[in-house]
Amino acid sequence: MAIIDCACDIEFASELANYLRNHDLDAKSEEALVIVNEEEVEQILKLFLKETNRSGYNIRRIDSTNLLLAREVPIEDFGFLRCEMCGYVVSNEEELLTHRRAHGIQLL
Ligand SMILES: [Zn+2]
445 MAIIDCACDI EFASELANYL RNHDLDAKSE EALVIVNEEE VEQILKLFLK
495 ETNRSGYNIR RIDSTNLLLA REVPIEDFGF LRCEMCGYVV SNEEELLTHR
545 RAHGIQLL
């Protein structure tokens, strides 16, 4: 058995449960959780994401039973900026400029 947590997305969970049932799996959704009578579900979850054109979703196995299926939100969506040289995250343009200068000093 596997329990897939759809990160509070009830509609997503019922769609996923339907999809799994259409693939001969015994699945049901309870709120944002999908309970399925199969342990190795990663492969079919990937297929589901692909067939429903959902990009940016990430399947994470928490333990032998629980999986989390959630959208990875890019940090840029929160107004943060990322240094393109090292991936360091700053909260505004000014900090990014200061940070970039540190790379310049290191390079000299
Ligand atoms: Zn940097």
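Numbering (the working numbering), first residue to last: 445 to 552.
Where is the CB? At the ideal position from N, CA and C, for every residue including glycine.
Among the options, whose alpha-carbon lies nearest the alpha-carbon of residue i?
i, options, result
"Leu525", "Leu511, Leu541, Glu516", "Leu541"
"Asp521", "Cys530, Met529, Asn536", "Asn536"
"Ile488", "Gly500, Ser473, Glu474, Ala461", "Ala461"
"Lys494", "Tyr463, Ile448, Tyr532", "Tyr463"
According to the Cβ coordinates, are residue i and residue j closer than 8 Å?
i, j, result
"Leu512", "Ala451", "yes"
"Asn497", "Ala514", "no"
"Glu516", "Gly531", "no"
Quick one: what's got a C-beta closer than 6 Å to residue i's C-beta in the same chain, skipping five residues either side?
i, result
"Cys527", "His543"
"Leu552", "Residue placement at Leu552 cannot be trusted, given a pLDDT of 48 that sits under 50; the coordinates are not used to answer."
"Asp470", "Asn481"
"Ser473", "Ala457, Ser458, Ala461"
"Gly523", "none"
By Cβ distance, which residues of its chain are closer than 7 Å to residue i, with the 5 residues on each side in sequence left out?
i, result
"Ala446", "Val480, Glu482, Glu483, Val485, Thr509, Leu511"
"Asp453", "Ala476"
"His467", "Ile488"
Quick one: what does DSSP say residue i is sitting in, helix, strand or coil?
i, result
"Asn510", "strand"
"Ala461", "helix"
"Asp470", "coil"
"Asp521", "helix"
"Arg498", "coil"
"Ala476", "coil"
"Ile546", "Inspection of the sequence shows that residue 546 is occupied by Ala rather than by Ile. Helix at Ala546."
Give every residue of the same chain whose Cβ lies closer than 8 Å to the Cβ of residue i, excluding the five residues on either side of it in the sequence, and list them in chain order.
i, result
"Asp507", "none"
"His547", "Cys527, Met529, Cys530"
"Arg465", "Ala471"
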